[in-house]
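Asker: Before I ask anything, let me first share the structure, which is written out below as structure tokens.
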Amino acid sequence: MSGADVGREAVYAAEIAAFEGTSYETVVPFDDLLDLARLVTAATWWPCGATEVVKARRDASSSSTRQRGSAAAVVRLAAPQMTPATLLHELAHVLAGVGAGHGEQFRRAHVDLVGYAFGDAEAGWLLDAYAAVGLEPGDRTWSAPPVRGGTGGPIAL
39 MSGADVGREA
49 VYAAEIAAFE
59 GTSYETVVPF
69 DDLLDLARLV
79 TAATWWPCGA
89 TEVVKARRDA
99 SSSSTRQRGS
109 AAAVVRLAAP
119 QMTPATLLHE
129 LAHVLAGVGA
139 GHGEQFRRAH
149 VDLVGYAFGD
159 AEAGWLLDAY
169 AAVGLEPGDR
179 TWSAPPVRGG
189 TGGPIAL
């Protein structure tokens, strides 16, 4: 992420508003998250190829996505954040580019991923939550993913 990660705290607030108290913020087994990551990263619209998702160190309290040079980005999920919502947040960093921080490109990626994995209603929750904190998604620079109708998208938790 860039040194000036504009909107970071507002993104976190929007995520809480959109998903707190839902199954998307429930800690699930790591293997379930790997299955969701494979579903997303194997999709024909996903432009980033295979994305490694690993467990963070045991003492880590937050998840992250890092990329060194031209190497592929790696998503690290911390035990207290092993939720579908956190995984999609981290995959949004991959899709937008790790250097995009939590800016407009990240927010577009985030909404697209939520729409694809969870459904159009959930993408609407996130868009509304972003609007409530004064944030908007940017323009898409990748192919539009299909958006799932109804609650739950392609995952059943």
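All residue numbers for the sequence shown refer to this note's numbering, where the first residue is 39 and numbers rise by one.
Even for Gly, the Cβ is constructed at its ideal location relative to N, Cα and C.
Every value quoted in this text rests on a predicted model; they were computed, and no experiment measured them.
Put Leu126 into one of helix, strand or coil per three-state DSSP.
Answerer: Reduced to three states, the DSSP call for Leu126 is helix.
Asker: Excluding sequence positions up to five away, which residues of its chain have a Cβ less than 8 Å from the Cβ of Val44?
Answerer: For Val44, where only same-chain residues beyond five positions count, the Cβ hits under 8 Å are Gly139, His140 and Gly141.
Asker: Residue range of the beta strand (DSSP E) that Glu90 falls in?
Answerer: Where Glu90 is concerned, the enclosing beta strand (DSSP E) stretches over Glu90 to Lys93.
Asker: Between Glu58, Phe144 and Gly107, which has its C-alpha nearest Asp177's C-alpha?
Answerer: Checked all of Glu58, Phe144 and Gly107; the closest Cα to Asp177 is Phe144.
Asker: If I follow the unbroken beta strand (DSSP E) through Val112, where does it start and stop?
Answerer: Looking at the DSSP string, the run of the beta strand (DSSP E) that includes Val112 is Val112 to Leu115.
Asker: Just tell me which of Ala147, Leu129, Arg96 and Pro118 has its CA closest to the CA of Arg104.
Answerer: Of Ala147, Leu129, Arg96 and Pro118, the residue nearest in Cα terms is Leu129.
Asker: Use the C-beta contact count for Glu174: other C-beta atoms within 10 angstroms, 16 or more gives buried, fewer gives exposed.
Answerer: With fewer than 16 other Cβ atoms within 10 Å, it is exposed.
Asker: Measuring only the C-alpha atoms, how far is Val206 from Asp166?
Answerer: Nothing about residue 206 can be read from this structure; the chain reaches only from 39 to 195.
Asker: Roughly how far, in whole angstroms, is the beta-carbon of Leu71 from the beta-carbon of Leu115, given that I think they are within contact range, below 8 Å?
Answerer: Right, their Cβ atoms sit about 6 Å apart.
Asker: On the criterion of 16 or more Cβ atoms from any shown chain inside 10 Å, does Thr124 qualify as buried, or is it exposed?
Answerer: Classification of Thr124: buried, given that the 10 Å Cβ count is 16 or more.
Asker: For Arg104, which beta-bridge partners are listed by DSSP?
Answerer: Answer by DSSP bridge pairing, in chain order: Val112.
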